[in-house]
Each structure stands twice: as C-alpha cells, then as structure tokens.
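Visitor: Starting off with a structure, shown below.
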Amino acid sequence: MDAILLQILNGLDKGSAYALIALGLTLIFGTLGVVNFAHGALFMIGAFCAVTLQKIFNLSYEVIDETQTDFLGNPLKVKTPYVESWFGPEMGATIIDWSVPLSILFAIPIMLMVGYVMERGLIKHFYKRPHADQILVTFGLAIVLQEIIKYFFGANPIQTPPPAALSGSVDLGLALGFDPNAIVYPIWRLVYFLFAVVIIGGVFSFLQFTTFGMVVRAGMADRETVGLLGINIDRRFTIMFGIAAAVAGLAGVMYGPLNPPNYHMGMDFLVLSFVVVVVGGMGSLPGAVLAGFLLGILESFASTTWATTTIPGINQIIIYLVAIIVLLTRPRGLMGRKGVMEE
Amino acid sequence: MLGLNKKDTSLLIVVAILTLLAPFILNPFPSDSAMAQFNAGYPDLMQRFVIFGIFAIGFNILFGLTGYLSFGHAAFLGVGSYSAVWMFKLLSYNVIPAIALSVVVAGLFSVLIGYISLRRSGIYFSILTLAFAQMSFALAYSVLSNPKFNLTNGETGLQVYADDPQILQGANAPDLPHLFGLPMRATYTMDVGAWSFDFNAGYYLCAVIMMVVFYLAIRIFRSPFGMMLRAVKSNQQRMNYTGLNSKPYTLAAFVISGMYAGLAGGLMAAMDPLAGAERMQWTASGEVVLMTILGGTGTLIGPVLGAGFIKYFENIFSKINDNVLHSWFAFLPDGLEDAVVFIIHPFIGKGWHLTLGILFMLVVIYLPGGLVEGGQRLLNWIRRKSVGGDDTREGKTEPAE
Numbered sequence: 001m002d003a004i005l006l007q008i009l010n011g012l013d014k015g016s017a018y019a020l021i022a023l024g025l026t027l028i029f030g031t032l033g034v035v036n037f038a039h040g041a042l043f044m045i046g047a048f049c050a051v052t053l054q055k056i057f058n059l060s061y062e063v064i065d066e067t068q069t070d071f072l073g074n075p076l077k078v079k080t081p082y083v084e085s086w087f088g089p090e091m092g093a094t095i096i097d098w099s100v101p102l103s104i105l106f107a108i109p110i111m112l113m114v115g116y117v118m119e120r121g122l123i124k125h126f127y128k129r130p131h132a133d134q135i136l137v138t139f140g141l142a143i144v145l146q147e148i149i150k151y152f153f154g155a156n157p158i159q160t161p162p163p164a165a166l167s168g169s170v171d172l173g174l175a176l177g178f179d180p181n182a183i184v185y186p187i188w189r190l191v192y193f194l195f196a197v198v199i200i201g202g203v204f205s206f207l208q209f210t211t212f213g214m215v216v217r218a219g220m221a222d223r224e225t226v227g228l229l230g231i232n233i234d235r236r237f238t239i240m241f242g243i244a245a246a247v248a249g250l251a252g253v254m255y256g257p258l259n260p261p262n263y264h265m266g267m268d269f270l271v272l273s274f275v276v277v278v279v280g281g282m283g284s285l286p287g288a289v290l291a292g293f294l295l296g297i298l299e300s301f302a303s304t305t306w307a308t309t310t311i312p313g314i315n316q317i318i319i320y321l322v323a324i325i326v327l328l329t330r331p332r333g334l335m336g337r338k339g340v341m342e343e
Numbered sequence: 344m345l346g347l348n349k350k351d352t353s354l355l356i357v358v359a360i361l362t363l364l365a366p367f368i369l370n371p372f373p374s375d376s377a378m379a380q381f382n383a384g385y386p387d388l389m390q391r392f393v394i395f396g397i398f399a400i401g402f403n404i405l406f407g408l409t410g411y412l413s414f415g416h417a418a419f420l421g422v423g424s425y426s427a428v429w430m431f432k433l434l435s436y437n438v439i440p441a442i443a444l445s446v447v448v449a450g451l452f453s454v455l456i457g458y459i460s461l462r463r464s465g466i467y468f469s470i471l472t473l474a475f476a477q478m479s480f481a482l483a484y485s486v487l488s489n490p491k492f493n494l495t496n497g498e499t500g501l502q503v504y505a506d507d508p509q510i511l512q513g514a515n516a517p518d519l520p521h522l523f524g525l526p527m528r529a530t531y532t533m534d535v536g537a538w539s540f541d542f543n544a545g546y547y548l549c550a551v552i553m554m555v556v557f558y559l560a561i562r563i564f565r566s567p568f569g570m571m572l573r574a575v576k577s578n579q580q581r582m583n584y585t586g587l588n589s590k591p592y593t594l595a596a597f598v599i600s601g602m603y604a605g606l607a608g609g610l611m612a613a614m615d616p617l618a619g620a621e622r623m624q625w626t627a628s629g630e631v632v633l634m635t636i637l638g639g640t641g642t643l644i645g646p647v648l649g650a651g652f653i654k655y656f657e658n659i660f661s662k663i664n665d666n667v668l669h670s671w672f673a674f675l676p677d678g679l680e681d682a683v684v685f686i687i688h689p690f691i692g693k694g695w696h697l698t699l700g701i702l703f704m705l706v707v708i709y710l711p712g713g714l715v716e717g718g719q720r721l722l723n724w725i726r727r728k729s730v731g732g733d734d735t736r737e738g739k740t741e742p743a744e
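Respectively, the protein sequence lines represent chains A and B. According to this note's numbering, the first sequence is numbered sequentially starting from 1. According to this note's numbering, the second sequence is numbered sequentially starting from 344.
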C-alpha cells in the first residue's frame with residue numbers, strides 16, 4: 001500500500017509539468033486552432049527567467065576588507081551582493097535564497113509579453129495556413145528561441161536551488177499512519193504539485209467564473225457567431241495565448257529546482273506534452289490535465305524495479321505505448337468531444 | 344530517354360553531371376588560398392551531401408506528394424544503419440549485402456509503423472510517427488543493449504569488433520567497408536596547379552546510387568501512382584467518395600520513403616561502419632523536414648538542393664570564427680569593424696543552428712515553395728526585366744505553392 005502511494009507521489013511532479021504544458025497547448029489549440037511546437041521553448045524560457053533573476057540577485061560588488069587577510073597576508077576581497085547592501089544582510093540573504101519563488105512575479109509579465117509578441121508577430125499570420133505549416137514555423141521558432149538561450153546562458157545545466165526552508169525531504173508516511181521512512185518525499189516536489197494545482201484551478205475558474213472567460217469559452221465553441229455579436233474575439237484569444245505562455249513559463253520557473261534548466265529541456269518536454277494532449281483529447285482542457293497526471297503516475301509505476309525487470313525498458317516507452325493504443329482505439333482521446341479532430 | 348519526357352531527361356542529366364563532377368565544382372578555390380576553407384570537395388562532406396540527398400528525396404515522396412508530415416523518419420535511417428553494421432559483423436565488409444539488408448529491414452519496419460500510423464491523418468499522423476520514432480530511439484539507446492541480447496550496443500554505438508564472425512570475409516579482403524575489394528575510403532587525389540581534387544570511391548558509390556534513386560523518384564512523380572498520391576494531398580475526402588481506397592497508396596508511399604531512408608542509413612554505415620542511436624532521435628527527423636522544406640516540397644530537385652544547402656552551410660558556418668570575420672571586414676574603420684563582427688558573431692560558429700532556424704522560419708513564412716520557388720521567382724523577375732516591363736501581366740502568374 002505504501003509502495004503504491006509512493007509511486008503515485010513520485011509521478012506527481014512530472015505529471016504536474018505535463019499537465020501544465022498540456023493545458024497551455026490545449027488552450028492555444030482550443031482558442032486559436034494552432035498547433036504550437038514552440039510551447040516547450042516557452043517552458044524553457046520560464047525556467048531561464050528564474051536563472052536570470054537568480055543572477056540579478058547575485059550581482060555583487062567587491063570591497064577590500066582590511067580586517068581579514070588571505071593566506072598570503074593580502075587584504076581579503078569580500079563580495080557583497082547589491083541586494084544585501086540595500087536591504088541589509090539578513091533580508092538580502094533571504095531574497096537570494098527565495099529567488100526561485102520570487103521569479104514567479106518576475107516571470108508572469110515577461111511570459112505574457114513573450115506570448116503576446118509571439119501571437120501578434122508570427123502566429124497571427126498562420127491561422128489560415130494548414131496545420132503542417134503551423135507545425136513547421138513553430139518548430140523553427142523553437143529552434144531559434146533555444147539557440148538564443150544557448151547563446152546567452154551556455155549549454156550546461158544551471159543550478160537553481162530551492163529555498164533552504166523548502167529543500168530536503170519530509171516523512172509523509174508518518175503523517176498518514178504508515179511506518180516511519182516508508183514514504184519520504186522531497187518538499188519541493190510537494191510544493192510543485194500544489195503550485196500546479198493552484199495554477200490549474202486558477203485557469204479553470206478564470207474561464208468558468210469571469211465574463212472574459214465566458215466569452216472565451218463561447219469563442220472556443222463557435223468563433224464566428226461570437227464575432228458576429230460584435231465582440232472582438234481575436235483580442236481575447238491573443239490574451240489567452242499570453243496566458244497559455246505564462247502557464248508554461250510558470251511551470252518552467254518552478255521546475256528548475258527539480259531538474260537544473262538547460263537549453264533543450266523544452267524540446268524534451270514538448271514531445272511528451274503533445275502525446276499527453278493527444279491522449280487527453282485535442283481541445284479538451286480537463287482531458288489535458290487528467291492525462292498529464294495519469295501519464296506522469298503511469299511513468300512512475302513503470303520505473304519501479306518490478307516493472308523494469310518484467311518488461312525491460314518499459315519506463316522509457318510506456319507513454320508512447322499508451323498514446324499509440326489510445327490513438328488507435330479512441331482517437332478523440334480520453335475526454336475529447338466527439339467529432340473534434342478525430343480524423 | 345528511359346521513359347522520361349524531355350524536361351525530366353535534361354533534369355536527370357544535369358543532376359548526373361553535377362554529382363559526377365562534384366569534386367571539381369565543390370573545390371573552386373586553390374588549396375593553399377585563404378578561401379580554401381570554403382571548399383566542400385572533401386570526401387566526408389561530399390558523401391554526406393548525397394546520402395542526405397537520398398534521405399530527403401525519399402521523405403519528399405511521402406510529404407511532397409501525399410502531404411503526410413512524418414516526424415519520425417530518422418527511425419528508418421537508424422534501422423538501416425544498424426542492419427548494415429550487423430551485416431558487416433556477420434558476413435563480411437562487402438557493402439552490397441549490407442545496403443541490401445538495410446533497405447529490406449527499413450522497408451519491413453516502415454510497413455509496420457506505416458500500417459498503424461496511417462490510420463490517422465493530419466497532426467495525429469505527425470504525432471504518431473514522432474511517438475514511434477522516439478520509442479525506437481529509447482529502445483535502441485537502452486533496452487536493446489542489455490548483455491543478454493545486445494542488438495544496438497547502446498550509447499557506444501554498434502561497431503565491428505575483431506572477434507565478430509564475418510563468415511564470408513576473404514583472407515585478403517580489406518579490413519574496412521569495401522565493394523568487392525575496392526575500399527570505400529580509397530581516394531585518388533589529382534593535383535592541377537594550385538588546386539587539388541579528391542576522387543573518393545565511397546562518394547562515387549553513393550552518387551551512382553543517388554542517381555538511380557533520383558531516376559526512380561522521377562518515375563514515381565510522373566506515374567499514375569504519383570498522380571494518385573497528389574490526389575490524396577489535394578483532397579483525400581473527395582477521393583474516398585469516388586470509391587477509391589487511398590490507404591494502399593499512402594502506405595506504399597510511406598514504405599517507399601522508409602526504404603529510401605533505410606538506404607541512406609545503410610550508405611552512412613558503409614562509409615563509416617558505426618551506428619549510433621542518436622541517428623534516430625527526433626531532431627534528426629526534424630533535420631530532414633528542414634531540408635525538404637528549405638529546398639522545395641513536392642519538387643523533384645528541391646530536397647537534394649535543401650540537403651546540400653544545409654550540409655554545406657553547417658560545415659562552412661561552423662568553421663567561420665571571429666578571426667575570419669575580422670579579416671573580412673578589415674577594410675572598415677576599427678570601431679565599425681568590431682561592431683559588425685559583434686553583430687554577426689552569434690550567427691556563426693556554434694551559432695549555426697540559430698541561422699538555420701531563422702532561415703527556416705523565413706522560408707516557411709515567405710517562400711513556402713523553398714529554394715526552388717525562390718529560383719523561379721528570380722527567373723521570372725529577370726525575364727520581366729529583360730523584356731522591359733511591357734508584359735507585367737505575365738509576371739503575376741506566380742507558381743502556386
């Protein structure tokens with residue numbers, strides 16, 4: 001029992017990332033009807049927002065401290081980050097420590113802007129072109145974005161540690177009544193899962209309970225009619241594109257501590273996220289979220305020693321295998337509407 | 344000639360001349376001049392031109408004719424490479440059985456994948472092929488290299504070892520890939536004044552094979568079968584309504600293009616007897632998509648042009664560094680020179696992929712017909728100029744797509 005629970009928990013962090021990216025992909029597909037191959041790049045840009053902010057916080061100046069000397073007897077140069085000198089040493093250290101969560105605030109405007117520029121500058125011209133062209137141009141864009149990040153940050157992964165208070169592990173089993181050390185779980189994964197739940201809940205309630213969201217949903221159902229009612233639906237869809245970009249970006253920001261960001265992390269996630277979207281059902285938001293978590297958990301179960309000794313390599317191919325089976329038996333996906341993109 | 348009309352015959356002849364004389368054409372600069380680094384006439388690169396040309400021609404038969412965008416074609420390339428190396432390990436270093444097996448195995452593999460993937464079309468087809476290719480990559484990379492059943496040799500890559508059986512290997516046959524005793528690495532260097540030209544056995548083998556498959560591609564394009572594939576691209580639904588089952592046609596196209604990819608993979612292994620899993624990764628599949636689009640989808644010569652273009656600039660751009668740039672712009676005033684070099688710097692050397700990405704986007708946005716369409720537009724423009732503006736009407740008939 002505790003082993004099963006542990007695997008479910010282990011699947012949650014990847015599942016959350018899949019769900020968030022797939023949610024953004026589905027938002028874009030559902031509103032604008034565009035297949036966005038650059039969505040993984042948005043995830044990556046989010047992660048590099050955290051890297052950038054961490055670098056900004058760590059900008060420091062050098063002071064020659066006469067009271068301390070190094071082993072040669074010269075006065076020691078002490079580096080002090082600017083934030084520490086502005087807010088005092090303690091406050092400054094805390095800010096640096098919490099740079100990843102603080103990056104959320106930094107990333108939201110940036111990602112909204114990136115999404116807006118991307119839609120207005122490029123995607124807009126591709127609504128009337130075939131899906132193949134959309135895939136191709138966003139694929140090209142993904143390469144460009146990836147190479148730009150590589151140029152500025154290098155090819156190696158960059159560590160973005162979580163705040164000290166949220167690193168380490170917690171013994172969840174104890175709280176749930178299992179033996180001690182049965183379920184030891186890293187705190188940051190828990191944080192990531194809760195964060196994903198909050199974001200997903202936020203997006204859904206935004207669509208469900210605001211007038212803006214209502215109009216967007218109406219537009220998803222029938223764009224033309226909403227347009228005929230005198231509503232500028234394109235503008236709203238552009239904003240939705242920005243929101244989808246922000247969701248992907250935030251997923252990336254918080255993913256840094258789990259896996260140090262590098263320039264090709266987006267591509268790695270993109271392929272899987274597409275598979276997730278297809279399994280969940282093209283255009284279905286709850287389907288994307290459900291499939292994201294399901295596949296994440298399934299992947300974690302397939303990685304157990306029992307599974308890998310029974311069928312070697314099952315952990316590597318399980319998601320693709322599921323996708324193939326789903327596509328062939330139920331092409332509309334788990335929660336897709338009948339008749340939407342079934343061909 | 345050979346059942347082709349006049350236009351296609353001349354195209355084939357031009358391609359034949361270009362490939363056979365490639366060692367001259369690609370080496371226009373004297374070997375000790377500063378421009379020698381832009382020479383592309385060395386065997387390794389020339390082989391890659393034609394091998395990727397074959398790969399792209401095959402991909403174009405599927406994508407260009409039927410419009411099915413496969414994002415997993417590198418899987419067939421990888422399978423071809425693996426089977427060729429296995430032939431080297433088991434039989435002998437002769438390339439003929441290796442290439443034959445790689446085509447057959449890739450064909451069988453593509454029947455399997457194609458049969459399943461072609462049950463869906465559009466974006467679902469792309470994702471299915473992508474999923475299959477990633478699955479093959481994951482399997483080749485890790486699972487199929489376990490000690491009990493080592494089919495791919497995992498991360499190291501499959502290669503020939505001294506204790507492999509090689510049952511047909513003759514006593515005095517060369518110990519590297521060869522064609523009935525003629526090693527693929529054999530190179531004859533001809534020195535003419537300051538120039539030197541390399542004639543490589545492996546390159547000529549690839550070139551001859553490419554001409555054969557190029558001829559086959561022309562025949563497919565012009566056949567009733569090719570017509571049927573175009574019908575699938577323009578309106579599959581209507582085709583179904585007329586009572587035609589399009590599935591066998593698309594599957595045949597898929598298998599043919601898979602066999603082309605397998606052939607390319609087999610040749611790759613024949614030139615360098617090593618097969619690695621990274622050949623199957625989806626970025627490799629993306630590369631052939633780039634080549635085909637860049638050159639011109641659905642045209643005969645486009646994919647070959649695209650493959651040559653990308654491989655050439657990949658090599659050349661990676662070689663340009665800041666020093667080279669400084670020497671080019673030395674005529675500018677110092678400050679300006681530094682500024683120009685600074686601006687160009689991100690796009691050269693390691694930044695080649697950035698240039699490629701931007702170029703690719705520009706082509707998809709402004710020139711959906713690729714380099715071929717670009718060339719046609721240029722020709723039209725020149726023709727209009729030379730005639731002298733009196734028939735501006737004719738200029739408006741731009742090639743559709």
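Think of the CB as a built atom: it goes at the ideal place given N, C-alpha and C, for glycine as much as any other residue.
Once the 5 residues before and after Val215 (chain A) are set aside, which same chain residues still bring their CB inside 8 Å of it?
Guide: In the first sequence, the residue the question calls residue 215 (chain A) occupies position 215. Excluding residues within five positions, the ones whose Cβ falls inside 8 Å are Val226, Ile231, Ile233 and Arg236.
Visitor: Output, in chain order, the set of chain B residues within a Cβ distance shorter than 8 Å of Pro312 (chain A).
Guide: For this step, residue 312 (chain A) is matched to residue 312 along the first sequence. Chain B residues near Pro312 (chain A): Val486 and Asn489.
Visitor: Would you list, in sequence order, the uninterrupted alpha helix (DSSP H) runs of no fewer than 4 residues that lie entirely inside the segment 653-678 of chain B?
Guide: Counting whole runs of 4 or more residues, the segment 653-678 of chain B contains the alpha helix (DSSP H) stretches 665-671.
Visitor: Under a CB-based cut-off of 8 Å, is Tyr127 (chain A) close to chain B?
Guide: Working through the first sequence from its first residue, we reach residue 127 (chain A) at position 127. Chain B, which has no Cβ nearer than 8 Å to the Cβ of Tyr127 (chain A), makes this no.
Visitor: Indicate whether at least one CB of chain B lies closer than 8 Å to the CB of Leu42 (chain A).
Guide: Position 42 of the first sequence, counted from the first residue, corresponds to residue 42 (chain A). Not closer than 8 Å to any Cβ of chain B, the Cβ of Leu42 (chain A) fails to qualify, so no.
Visitor: Assuming the contact rule is C-beta atoms closer than 8 Å, Cys49 (chain A) and Val253 (chain A) should be a hit. Round their C-beta distance to whole Å, please.
Guide: In the first sequence, counting from the first residue as 1, residue 49 (chain A) sits at position 49. In the first sequence, counting from the first residue as 1, residue 253 (chain A) sits at position 253. At roughly 6 Å, the Cβ-Cβ gap stays under 8 Å, so Cys49 (chain A) and Val253 (chain A) are in contact.
Visitor: Cβ atoms of Pro163 (chain A) and Trp86 (chain A): under 8 Å apart, would you say?
Guide: Working through the first sequence from its first residue, we reach residue 86 (chain A) at position 86. Working through the first sequence from its first residue, we reach residue 163 (chain A) at position 163. No, the pair does not count as a contact, with Cβ atoms beyond the cut-off.
Visitor: Note down, in chain order, every chain A residue with its Cβ under 9 Å from the Cβ of Leu572 (chain B).
Guide: Locating residue 572 (chain B) in the second sequence gives position 229, counting from the first residue. Residues of chain A passing the Cβ test: none, with the nearest at roughly 15 Å.
Visitor: Which stretch, first to last residue, makes up the alpha helix (DSSP H) that contains Asn578 (chain B)?
Guide: Residue mapping note: residue 578 (chain B) aligns to position 235 of the second sequence, counting from 1. Taken as a continuous stretch (DSSP letters only), the alpha helix (DSSP H) holding Asn578 (chain B) covers Pro567 to Tyr584.
Visitor: With 8 Å as the threshold, decide whether the Cβ of His131 (chain A) is near any Cβ in chain B.
Guide: On the first sequence, residue 131 (chain A) is found 131 positions in, with the first residue counted as 1. For His131 (chain A), the answer is yes, since a Cβ of chain B falls inside 8 Å of its Cβ.
Visitor: If you draw a straight line from the C-alpha of Phe414 (chain B) to the C-alpha of His131 (chain A), how long is it?
Guide: By 1-based counting over the second sequence, the position of residue 414 (chain B) is 71. By 1-based counting over the first sequence, the position of residue 131 (chain A) is 131. Computed Cα separation, rounded: 14 Å.
Visitor: Is Met267 (chain A) buried or exposed, if buried means 16 or more other CB atoms sit within 10 Å of its CB?
Guide: Counted from its first residue, the first sequence places residue 267 (chain A) at position 267. Counting Cβ neighbours within 10 Å, Met267 (chain A) comes out buried, since at least 16 surround it.
Visitor: Between B:Ser424, B:Leu345, B:Ile470 and B:Leu420, which lies nearest to Val278 (chain A) when the distance is taken from Cα to Cα?
Guide: Mapped onto the first sequence, residue 278 (chain A) falls at position 278. Taking only the C-alpha atoms, the option nearest Val278 (chain A) is B:Ile470.
Visitor: Measure how close the beta-carbons of Ile21 (chain A) and Ala248 (chain A) come, nearest whole angstrom, since I'm counting them as under 8 Å.
Guide: Numbered from its first residue, the first sequence carries residue 21 (chain A) at position 21. Numbered from its first residue, the first sequence carries residue 248 (chain A) at position 248. The Cβ separation is near 6 Å, so the contact holds.
Visitor: Bridge partners for Pro75 (chain A) per DSSP, in chain order?
Guide: If you number the first sequence from 1, residue 75 (chain A) lands on position 75. Beta-bridge pairing links Pro75 (chain A) to A:Thr69.
Visitor: On the DSSP bridge list, what partners appear for Gln502 (chain B)?
Guide: For the purposes of this step, residue 502 (chain B) is taken as residue 159 along the second sequence, with counting starting at 1. Answer by DSSP bridge pairing, in chain order: B:Leu617.
Visitor: Quick one: residues in its chain with C-beta nearer than 7 Å to the C-beta of Met220 (chain A), no 5 flanking neighbours on either side, listed in chain order?
Guide: As a first step, residue 220 (chain A) must be located in the first sequence, where it is residue number 220. Excluding positions up to five away in sequence, the list reads Gly30 and Thr31.
Visitor: For Ala323 (chain A), which residues in chain B fall below 7 Å Cβ to Cβ?
Guide: What you label residue 323 (chain A) is simply residue 323 of the first sequence in a count that begins at 1. Those are Ala474, listed as they occur along chain B.
Visitor: Going straight from the alpha carbon of Gly700 (chain B) to that of Phe153 (chain A), what length do you get?
Guide: Position 357 of the second sequence holds residue 700 (chain B). Position 153 of the first sequence holds residue 153 (chain A). Taking the straight line from one Cα to the other gives about 18 Å.
Visitor: With distances taken from CA atoms, which of A:Ile319, A:Tyr192, A:Leu76 and A:Ile96 is nearest Ile64 (chain A)?
Guide: Counting from one through the first sequence, the residue named residue 64 (chain A) turns up at place 64. Among A:Ile319, A:Tyr192, A:Leu76 and A:Ile96, the Cα nearest to that of Ile64 (chain A) belongs to A:Leu76.
Visitor: When you compare each of B:Asn658, B:Val486 and B:Val706 to Met389 (chain B) by their alpha carbons, which one comes out closest?
Guide: Your numbering for residue 389 (chain B) matches position 46 in the second sequence. It is B:Asn658 whose Cα lies nearest to the Cα of Met389 (chain B).
Visitor: Would you call the segment 609-623 of chain B in contact with the segment 347-362 of chain B, where contact means no fewer than 3 C-beta pairs closer than 8 Å?
Guide: Counting Cβ pairs under 8 Å, fewer than three are found: no touch.
Visitor: Against chain A, does Glu741 (chain B) count as a neighbour if the rule is that its beta carbon must be under 8 Å from one of theirs?
Guide: As a first step, residue 741 (chain B) must be located in the second sequence, where it is residue number 398. Note on Glu741 (chain B): pLDDT 47, under 50, position unreliable in the model; the coordinate value appears next. No - not a single Cβ of chain A is within 8 Å of the one on Glu741 (chain B).
Visitor: Taking all protein chains shown into account, decide if His125 (chain A) is buried (16 or more other Cβ within 10 angstroms of its Cβ) or exposed.
Guide: Taking the first sequence and counting its residues from 1, the one referred to as residue 125 (chain A) is at position 125. It is exposed - the Cβ of His125 (chain A) has fewer than 16 other Cβ atoms within 10 Å.
Visitor: Using beta-carbon positions only, say whether Ile466 (chain B) and Ile28 (chain A) come within less than 8 Å of one another.
Guide: Indexing the second sequence from 1 puts residue 466 (chain B) at position 123. Indexing the first sequence from 1 puts residue 28 (chain A) at position 28. No, Cβ-Cβ distance for Ile466 (chain B) and Ile28 (chain A) is not below 8 Å.
Visitor: Which class does Gly700 (chain B) belong to by DSSP, given the choice of helix, strand or coil?
Guide: For the purposes of this step, residue 700 (chain B) is identified with residue 357 of the second sequence, where counting begins at 1. Of the three classes helix, strand and coil, the one that applies to Gly700 (chain B) here is helix, per DSSP.
Visitor: Just to confirm the assignment: which complete beta strand (DSSP E) runs, minimum length 3, are found wholly within the segment 139-171 of chain A?
Guide: Entirely contained in the segment 139-171 of chain A, the beta strand (DSSP E) runs reaching 3 residues are, in chain order, 169-171.
Visitor: What's the gap between the Cα of Phe703 (chain B) and the Cα of Val358 (chain B)?
Guide: Within the second sequence, numbered from 1, the residue matching residue 703 (chain B) stands at position 360. Within the second sequence, numbered from 1, the residue matching residue 358 (chain B) stands at position 15. Rounded to whole angstroms, Phe703 (chain B) to Val358 (chain B) spans 25 Å at the Cα level.
Visitor: Tell me Ile64 (chain A)'s beta-bridge partners as DSSP assigns them.
Guide: Within the first sequence, the letter at position 64 stands for residue 64 (chain A). Answer is A:Lys77.
Visitor: Leaving out the 5 sequence neighbours to the left and right, which residues in its chain are closer than 8 Å to Gly11 (chain A) when beta-carbon positions are compared?
Guide: Position 11 of the first sequence, counting from 1, holds the residue named residue 11 (chain A). So the list reads Phe293, Gly296, Ile297, Leu298, Glu299, Ser300 and Phe301, once near-sequence residues are dropped.
Visitor: Against chain B, does Tyr151 (chain A) count as a neighbour if the rule is that its beta carbon must be under 8 Å from one of theirs?
Guide: Mapped onto the first sequence, residue 151 (chain A) falls at position 151. So yes, Tyr151 (chain A) belongs to the interface.
Visitor: Just how far apart, CA to CA, sit His696 (chain B) and Phe139 (chain A)?
Guide: The count along the second sequence starts at 1 and reaches residue 696 (chain B) at position 353. The count along the first sequence starts at 1 and reaches residue 139 (chain A) at position 139. Cα-Cα distance, rounded: 13 Å.
Visitor: Could you run through the segment 452-473 of chain B and flag, in chain order, every residue whose CB is less than 8 Å away from some CB of chain A?
Guide: Hits within the stretch, in order: Ile459, Arg462, Arg463, Ser464, Gly465, Ile466, Tyr467, Ser469, Ile470, Leu471 and Leu473.
Visitor: Taking just the CA atoms, how far does Pro312 (chain A) sit from Val447 (chain B)?
Guide: For this step, residue 447 (chain B) is matched to residue 104 along the second sequence. For this step, residue 312 (chain A) is matched to residue 312 along the first sequence. One C-alpha to the other measures close to 27 Å.
Visitor: Use the C-beta contact count for Lys14 (chain A): other C-beta atoms within 10 angstroms, 16 or more gives buried, fewer gives exposed.
Guide: Reading the first sequence from its first residue, position 14 is the one you call residue 14 (chain A). The residue in question, Lys14 (chain A), is buried, as its Cβ has 16 or more Cβ neighbours within 10 Å.
Visitor: Quick one: what's got a C-beta closer than 6 Å to Asn370 (chain B)'s C-beta in the same chain, skipping five residues either side?
Guide: In the second sequence, residue 370 (chain B) corresponds to position 27, counting from 1. Here the set comprises Asn382, Gly384 and Phe540.
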